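Here is the structure we will look at.
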Amino acid sequence: MTSEVTPEQVQEIIAAAKDIFLTQQVTVAGLALMIWDHLVTLRSEIDLVWPAEFSWVKVLFLLNRYVPPVFIGIATANFTGSASWLSDKVSPIRLSEWSRANCCKTWLLSDIAVELLTIFCATFLIGMRVHILWDNRRDIFLWVSAAWMLHVAANIALVVVNSITNAESTHMDGMDTGHDLSLLYYGALGNQIAIDSKNRFHTYPRRNDP
């Protein structure tokens, strides 16, 4: 007994393939933009950040600058299909279906967590700059802190709601179970590329800041 594929299922597969292709192109473009931005600001980083005294602000800045490209680079390789380690044909160890599904989910969840943390770090450093520009006023500190905490809570809530709402609706028979988290992952990755590229160097205080 063979199962027939309905026209609706065919259209779903075609739509998913188009979305995957678009995601691949946007991800590669975002990574290229991030690398370019890193290169053009590297001289300023060497002059202003490296000689600065060791502090938790400096640590946050450097982590936020160098950790995301590693994760986004791996994600880009995964999305483009050029990662040979994702193919069973070239893998020396054939994992069970359960192991592969859990490895996929573990990677997606850990990557999303790193992306959210780096976004929070970037916005926190931007908030600090705003506080400094306003002469370290207490009222500005309270407003910025409240806005930052609201931003963190809203992002976490959106991730949780999105994962609960779309985990089942985005699942398609015959596709890896890691696809259940794909919609959530694409959103987090897009946010990370956009924020990290825009605020790459502007989050660290300049020498002439008050």
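Numbering (UniProt numbering), first residue to last: 1 to 210.
Beta carbons: idealized from backbone N, C-alpha and C, even for Gly.
These numbers come from a predicted model, not from an experiment.
Decide if residue i is buried, meaning its Cβ has at least 16 other Cβ atoms within 10 Å, or exposed.
i           : result
E4          : exposed
A122        : buried
L108        : buried
E8          : exposed
R207        : For R207, the predicted structure reports a pLDDT of 47, less than 50, and the residue's modelled location is therefore unreliable. The matter cannot be settled from this model.
M34         : buried
S91         : With a pLDDT of 45 at S91, under the threshold of 50, the modelled position of that residue is not reliable, and the figure given next carries that caveat. Result: exposed.
T118        : buried
residue 211 : Summary: the structure shown does not reach residue 211, with the chain confined to residues 1 through 210, and so no result is reported for it.
A17         : exposed
Would you kindly report the start and end of the unbroken alpha helix (DSSP H) that includes residue i?
i    : result
R65  : W56 to T80
R137 : Neither: R137 is in no alpha helix (DSSP H) and is coded neither H nor E.
A52  : Taken as a continuous stretch (DSSP letters only), A52 belongs to no alpha helix (DSSP H), as it is neither H nor E.
Let me check understanding here. Comparing Cα to Cα, which of the options lies closest to residue i?
i    : options                  : result
S110 : F124, L133 and I72       : I72
V114 : I156, A17, W148 and L133 : I156
F120 : R137, L22, D139 and A154 : A154
F124 : D135, Q24, I164 and S145 : S145
V70  : E53, H38 and T6          : H38
I'd like to confirm something about residue i: is its beta-carbon nearer than 7 angstroms to some heavy atom of the ligand GDP, or not?
i   : result
L39 : Ligands are entirely absent from the displayed structure, and the ligand GDP is therefore not among its contents.
- Please confirm if the stretch 26 to 38 is in contact with the stretch 48 to 63, defined as three or more CB-CB distances below 8 angstroms between the two stretches. Segments in contact, no.
- Message: Whether or not the stretch 67 to 83 and the stretch 47 to 55 are in contact is what I'm after, with contact meaning three or more pairs of Cβ atoms, one per stretch, closer than 8 angstroms; do they touch?
- Response: No contact exists between the stretch 47 to 55 and the stretch 67 to 83.
- Query: Pairing CB atoms from the stretch 125 to 142 with CB atoms from the stretch 155 to 166, are three or more of them under 8 angstroms?
  - Reply: With contact defined as three or more Cβ pairs closer than 8 angstroms, the stretch 125 to 142 and the stretch 155 to 166 are not in contact.
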